[in-house]
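Inspection log for the structure reproduced underneath, given as structure tokens.
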Amino acid sequence: MHDTPESNNLKDLLPVLDVSTVGQAVNARDLHKALRVGRDFSTWLKQRLLDLGAIENRDYVVLDGSPDLVTGGLEYNNSRIEYAITLDIAKHLAMLEKNEVGQAIRQYFINLEKHRALALPFDPHDPVSVLEYALGKAKAASTARRELEVAKPKVQAFEQLMDAGGTMSLSQVAKVLGTGVVRLCAALRDAGVLMHDQPNWNVPYQRHVDAGRFEIKVNTVEIKGRDAPHDDDPRDHQRTRVHPEAAGAGACRMTPAATPQPTPKPGSKTVLPGVLCQLDLRSNVDQQIHADLVARAKIGKEKYGTMLETNNGRDALIDLQQEALDAVMYAHQYEMECNTGEDWGEWAARHALFVRALELARAATRMVRARGGQ
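All residue numbers for the sequence shown refer to the working numbering, where the first residue is 142 and numbers rise by one.
Written out as structure tokens, the structure reads:
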């Protein structure tokens, strides 16, 4: 049995990075090492990302000696490809190892997110900070509306699935919903639909079987001891395997009115059609924008600092500060008019303009304060 890593050690083993595009992330090689995975890094990560249905530039980014992976003096080998994965994906990867080390690392990420959520969202005396916080809230609301529109076809697919007859495997259900089976099963486990302990991993609880939502199919396979090096019985033997399948009848709809909902665990998602249909939607980018802005605020610092130094007098600086705040609002509107799902490159360019405008406003505020302004 592996010794469980302590939280203090994990801070050194898994430093959190601020990476453009995906925001808060960790280096996948660091996670692979911390999890003490037996397989080689490349094979392990590529298979796991495939299992999770992860999408590049949303759940992870592939970097080759990128300065984005240099933080706090920590530099990575430029001769090999590095992967930066979001904290959400990192939690899933830790959970999939199904051991104490993975559980400890997953809990570390959960605690880290809780700690950051408790931080003061903005400085009420800093107009740029207040504006940035307000824009972050506006972005979140806009993102929610956008995702509802994106979810519509998946909701329709879900309704068709529920109206269908017969049964479908969980893999087939996940494909219809446009997500990965691992992610689907994880959501169902969190909601108390599927079991999470061995040997009943991903087997539905009896109440859901009795309600007609699942059918259990059992088959027996012959196991040759010499062909099963990872089996706990080295002899030739038979093994019974359980395969849950989702019933397609309309009676098995998972809606608030028709389905008694289990008490959700803290932080878990209630299993409803809307949630299931949005499991694989792009969300991390917009949710991480607030943190991403802080990380990227250094863009243009020297240029704007030099420009501001040429303005004489506090009143002129205050005027410039107001113009900068107006520019931030304009850049924000310009960015939000672009749908990231349709044109990623255009959105990235507009977002860069917004970041530069925000840094100009920060620089102006610093200059006003330095000369006795409020």
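All C-beta atoms in this analysis are idealised placements derived from N, C-alpha and C, irrespective of residue type, glycine included.
These figures come from a predicted structure and were not determined experimentally.
Item	Value
Just reading off the alpha helix (DSSP H) that I226 is part of, what are its end residues?	Here I226 belongs to no alpha helix (DSSP H); instead the beta strand (DSSP E) covers 222-227.
Determine the DSSP secondary structure at L335, reduced to helix, strand or coil.	strand
Of all the options V163, A245, A169, which has the alpha carbon lying nearest to the alpha carbon of R221?	A169
When burial is assigned at 16 or more other CB atoms within 10 Å of the CB, is K255 buried or exposed?	exposed
Here's a check: name, in chain order, each residue in its chain whose Cβ is nearer than 6 Å to the Cβ of V211, leaving out the five neighbours to either side.	Caution applies to V211, whose pLDDT of 40 falls short of 50 and renders its modelled position unreliable; the value that the coordinates give is listed next. Contacts found: none.
According to DSSP, is D192 helix, strand or coil?	helix
Ordered along the chain, which non-local residues of its own chain (more than five positions away) have a Cβ less than 7 Å from that of L335?	C326, L329, N343, V344, P345
Note the first and the last residue of the continuous alpha helix (DSSP H) segment covering V350.	347-351
Expressed to the nearest angstrom, what Euclidean distance is found between the alpha-carbon atoms of T184 and R199?	21 Å
Mapping the DSSP letters down to three states, classify G243 as helix, strand or coil.	helix
Suppose the cutoff is 8 Å on Cβ atoms and the five residues either side in sequence are ignored; what does the same chain contact list for A175 look like?	P146, L151, L154, L155, V242, I246
Does the ligand ADP have even one heavy atom less than 6 Å from the beta-carbon of A315?	Among the components of this structure there are no ligands whatsoever, and the ligand ADP is therefore not found.
Can you check DSSP and say which residues form a bridge with Q313?	According to DSSP, Q313 bridges with nothing at all.
Out of Q248, V202, H233, state which residue places its alpha-carbon closest to the alpha-carbon of V322.	H233
On the three-state DSSP scale, how would you describe E238?	coil
Counting C-beta neighbours from all protein chains within 10 Å, is the total for R348 16 or more, i.e. buried, or is it exposed?	exposed
Just mark E223 as buried or exposed, buried being the case when its beta carbon has 16 or more other beta carbons within 10 Å.	buried
Determine whether the beta carbon atoms of V202 and A235 lie at a separation below 7 Å.	no
Tell me whether L151 sits in a helix, a strand or coil according to DSSP, three-state version.	helix
Could you check what DSSP says for R394 in three-state terms: helix, strand or coil?	Caution is warranted here: a pLDDT of 36 is assigned to R394, below 50, making its placement in the model unreliable, and no coordinate value can be reported.
Which residue marks the beginning of the alpha helix (DSSP H) containing D134, and which one marks its end?	Outside the displayed span of the chain (142 to 515) sits residue 134, for which this structure offers no information.
Note down the Cα distance separating T227 from R180, rounded to an integer number of angstroms.	21 Å
How is V202 classed by DSSP in three states: helix, strand or coil?	strand
Please determine, among A332, S310, F182, the residue with the shortest C-alpha to C-alpha distance to H173.	F182
In the DSSP assignment, what are the bridge partners of D159?	Q165
Would L186 and R324 qualify as a contact pair, given that the criterion is a beta-carbon distance under 7 Å?	no
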